[in-house]
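49 is the number that the UniProt record's numbering gives to position 49 of the sequence shown; each next residue is one higher, with no gaps. Glycine included, C-beta positions come from ideal geometry on N, C-alpha and C. On a predicted model such as this, the values are computed, not experimentally measured, just so you know. Following: one structure in structure tokens, then a few remarks.
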Amino acid sequence: MRAYCCFLNATRLTMHTRNPPLSRRFNPLPGLAPCAWGGGWGLGIVALLSACTTLEPAKPRPLQSEARKCPMPSYPAQAQRLEVEGRVMVRATVALDGSVTQAEVVASAANAAARAAVGELPLHGAEARAAQALDAEALRMVRACRFGAVTGNYTPAQVQIPVRFRME
């Protein structure tokens, strides 16, 4: 029997611009009275056009970035000895330089509801502690991941990374 772990799905993240470029949009008014002020016909037209055109932020354009370097997680000895398998979902915050600044387990390998959904029994005692070791190893692996650096006016992004530990 061989133990191995794998990354599920390619990790991809989306970063959004902090200050998106402005775009012009014509905003027609129901009545012309608020726009038509000023002296004379020419100034009234200028006032009408300037009052009815607004500047709004454009929709943020997503930027796709993929994991450049992620180490393979090692199977914890205790989990391997007890043949504990599981899937750990880790949510990570990726900085603009591509480093992971925060990581947390959002779905543990010991999660009873998730295990029941795939027909597995809940874990207790030593097996539950072994599942916690899987969680810790998944966190260690995600914190060591590096994504492509981003230049420009973007904000840090969050990504969810599933890590599966399976005996074979």
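Where the beta strand (DSSP E) containing residue i begins and where it ends
i, result
"Glu168", "First-last for Glu168: undefined, no H or E at that position."
"Ala107", "Val100 to Ala107"
"Met89", "Gly86 to Val94"
Separation of residue j from residue i, as counted between CA atoms
i, j, result
"Gly148", "Ala95", "10 Å"
"Gln80", "Arg164", "13 Å"
"Thr151", "Gln158", "17 Å"
"Leu139", "Ala110", "14 Å"
"Leu22", "Asn153", "Its pLDDT being 48, under 50, Leu22 is placed unreliably in this model, and the value from its coordinates should be taken loosely. About 14 Å."
"Gly98", "Met167", "32 Å"
"Val162", "Gly125", "Here residue 162 is Pro; the residue named in the question, Val, does not match the sequence. Between Pro162 and Gly125, the C-alpha separation is close to 24 Å."
"Pro122", "Ala136", "19 Å"
"Ser108", "Pro156", "24 Å"
"Gln160", "Gly119", "24 Å"
"Ser74", "Gly86", "13 Å"
"Glu104", "Arg115", "19 Å"
Cβ separation of residue i and residue j, assumed to be a contact under 8 Å, to the nearest whole Å
i, j, result
"Gln102", "Ala92", "7 Å"
"Glu127", "Val84", "5 Å"
Within 9 Å, strictly: CB atoms of residue i and residue j
i, j, result
"Val100", "Arg146", "yes"
"Ala133", "Pro76", "yes"
"Val142", "Val90", "yes"
"Leu82", "Ala130", "yes"
Check: residue i C-beta below 8 Å from any heavy atom of the ligand COA
i, result
"Val142", "The ligand COA is absent from the structure shown, which contains no ligand whatsoever."
The alpha helix (DSSP H) enclosing residue i, as first and last residue numbers
i, result
"Val142", "Ala126 to Arg143"
"Ala77", "Ala77 to Arg81"
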